[in-house]
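If you want our numbering, it's the position in the sequence shown, counting the first as 1, plus 9. Glycine included, C-beta positions come from ideal geometry on N, C-alpha and C. Keep in mind that this is a model prediction, so the values were computed, not measured.
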Amino acid sequence: MPNPFQDATRPLILASASATRLSVLQAAGLEISVRPTNLDEMPIKRAAPDAGTAALRLAEAKAACLDELNPDAFVLGADQILVCDGRSFDKPADLAEAASHLRALRGREHILQTALVCRRDGETIWSHLAQPRLRLRAVSDRFIDRYLMEEGERVLSSVGAYRLEGPGIQLFETVQGEHAAILGLPLLPLLDFLRAQRVLLS
Numbered sequence: 010m011p012n013p014f015q016d017a018t019r020p021l022i023l024a025s026a027s028a029t030r031l032s033v034l035q036a037a038g039l040e041i042s043v044r045p046t047n048l049d050e051m052p053i054k055r056a057a058p059d060a061g062t063a064a065l066r067l068a069e070a071k072a073a074c075l076d077e078l079n080p081d082a083f084v085l086g087a088d089q090i091l092v093c094d095g096r097s098f099d100k101p102a103d104l105a106e107a108a109s110h111l112r113a114l115r116g117r118e119h120i121l122q123t124a125l126v127c128r129r130d131g132e133t134i135w136s137h138l139a140q141p142r143l144r145l146r147a148v149s150d151r152f153i154d155r156y157l158m159e160e161g162e163r164v165l166s167s168v169g170a171y172r173l174e175g176p177g178i179q180l181f182e183t184v185q186g187e188h189a190a191i192l193g194l195p196l197l198p199l200l201d202f203l204r205a206q207r208v209l210l211s
């Protein structure tokens, strides 16, 4: 059965292994192929003047990995970097580091530099940087331990070591920004772009 929202002749590819980003796109009614890429991110991060620029460059580099394989497709690359008090946070390596990250973030506001880029025919044709702001409650060590026991290794897939779409919402005092952007993919700007490109029907 054809997708009632999308032009099947204009393929859409996500250059990411993120199950969360894929679920955001699928929930919006998009049909998209997934092609994870293997990128050494550290040199790009070190060369960038700030976290927002780093996120955009990383998203672009991920999409560019598929230039030769899928020249006609609309390829999406995404990246997200958490910044709190001038410090950048990557995904935690293990639950001990996850606990350390949550303790560092509690009682403070942080920004999620959330980048999304689209490439086609070897060129970047669109990019967007969302910057949701979130503040954790001054949660106790006991609450952090309980949260990580409940969520387990699922938190290792997200910067900040929390999943807003689950019980992680209980960690927060305030949340500002599009929910999908917080999850790692600014959806509303993307949908506008895809309609302009006739990937999605108006």
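By the beta-carbon neighbour count (other beta carbons within 10 angstroms, threshold 16), V126 is buried.
Non-local C-beta neighbours of I134 in its own chain, meaning closer than 7 Å and more than five positions away in sequence, comprise C127 and R128, ordered along the chain. Taking C-alpha positions only, L157 is separated from L91 by approximately 19 Å. Residues of the same chain with a CB within less than 8 Å of the CB of E159, apart from the 5 flanking positions on each side, are P176 in chain order. The bridge partners DSSP lists for G86 are V126. Put simply, of K100, L23 and E77 the residue whose alpha carbon is nearest the alpha carbon of E50 is K100.
In terms of CA proximity to E106, V168 leads the group V168, G193 and Q179. A Cβ-Cβ separation of about 18 Å leaves A87 out of contact with L209 under the 8 Å criterion.
Under DSSP, Q15 takes part in a beta bridge, and its partners are L209. In this chain, the alpha helix (DSSP H) harbouring L67 covers A60 to A73.
Three or more pairs of CB atoms, one per stretch, sit closer than 8 Å, so the segment 181-199 contacts the segment 20-31. The beta carbon of I120 lies closer than 6 Å to those of V92, Q140 and R142 in the same chain, with the five residues before and after it left out. Beta-bridge partners of I41 (DSSP): none assigned. Between L21 and F83, the gap from beta carbon to beta carbon is short of 7 Å.
Comparing C-alpha distances from A72 to each of L39, L85, A56 and R172 shows the shortest one belongs to L85. If only uninterrupted beta strand (DSSP E) runs of at least 3 residues are considered, those enclosed by the segment 124-209 are 132-139, 142-145 and 181-185.
Assignment of S32 by DSSP, reduced to helix, strand and coil, places it in the helix class. Taking the C-beta atoms as reference points, G131 is found no nearer than 7 Å to D201.
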